[in-house]
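>
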Amino acid sequence: MGLFNMVKRTRRIVSNKVRKGLFKLGALIVGIFAFLPSHLLESDIQNYEDSMEKEFAAYALETTASIFSNTLEQSFIVSYAIESIEVVDGEPISSVVIAYTAFGLPYAEIIVKDNSAYVNKKLLFQK
């Protein structure tokens, strides 16, 4: 009986050590991703010929990056894509930026205007 209890106790100790090790590994991975800049992979703004559109695209990406910086969501988002830029009378007035997760799933839609931004996080749960 004593040998059986010792084997059972050894299994329990090993399984606790394995669980603790896996938890520490997971915490390390999340910790590393939390400090990566959310604008690590940004959208390419070279495909805009107009200098005003290019400046507004850079402003939209900078605004989007600043919205998610120093938040828990920063670890989920790996890239941004400018979906559209609305131009009225030759001047850009708003832009729609999509934030994507590591698996290519859209996480949020950010509507950036001249002096404000709106974040729609319900995009993740749509199609």
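Add 407 to the 1-based position in the sequence shown for our numbering, that's all there is to it. Virtual Cβ for every residue (Gly too), placed ideally from N, Cα, C.
Spatial neighbours of residue 522 within its chain, please: CB distance less than 8 Å, with the 5 preceding and 5 following residues excluded, ordered by chain position.
None.
> Taking DSSP's pairing of strands, which residues face residue 498 in a bridge?
Paired residue(s): 495.
> For residue 519 versus residue 470, is the C-beta spacing smaller than 7 Å?
A contact, by the Cβ cut-off of 7 Å.
> Nearest chain D C-beta to residue 508 closer than 7 Å, yes or no?
The structure shown contains no chain D, having only a single protein chain.
> Let me check understanding here. Comparing Cα to Cα, which of 496, 465, 502, 506 lies closest to residue 485?
Of 496, 465, 502, 506, the residue nearest in Cα terms is 506.
> Output the boundary residues of the beta strand (DSSP E) element that contains residue 509.
No beta strand (DSSP E) holds residue 509; DSSP gives it neither H nor E.
> With a Cβ-Cβ cutoff of 7 Å, do residue 487 and residue 504 count as a contact?
The answer is yes: Cβ separation under 7 Å.
> Considering only C-alpha positions, which residue in the set 482, 529, 462 is nearest to residue 502?
Out of 482, 529, 462, 462 has the C-alpha closest to the C-alpha of residue 502.
> Decide if residue 464 is buried, meaning its Cβ has at least 16 other Cβ atoms within 10 Å, or exposed.
By the neighbour-count rule (16 or more Cβ atoms within 10 Å), residue 464 is buried.
> Less than 7 Å between the C-beta atoms of residue 460 and residue 489, yes or no?
No, they are not a contact pair.
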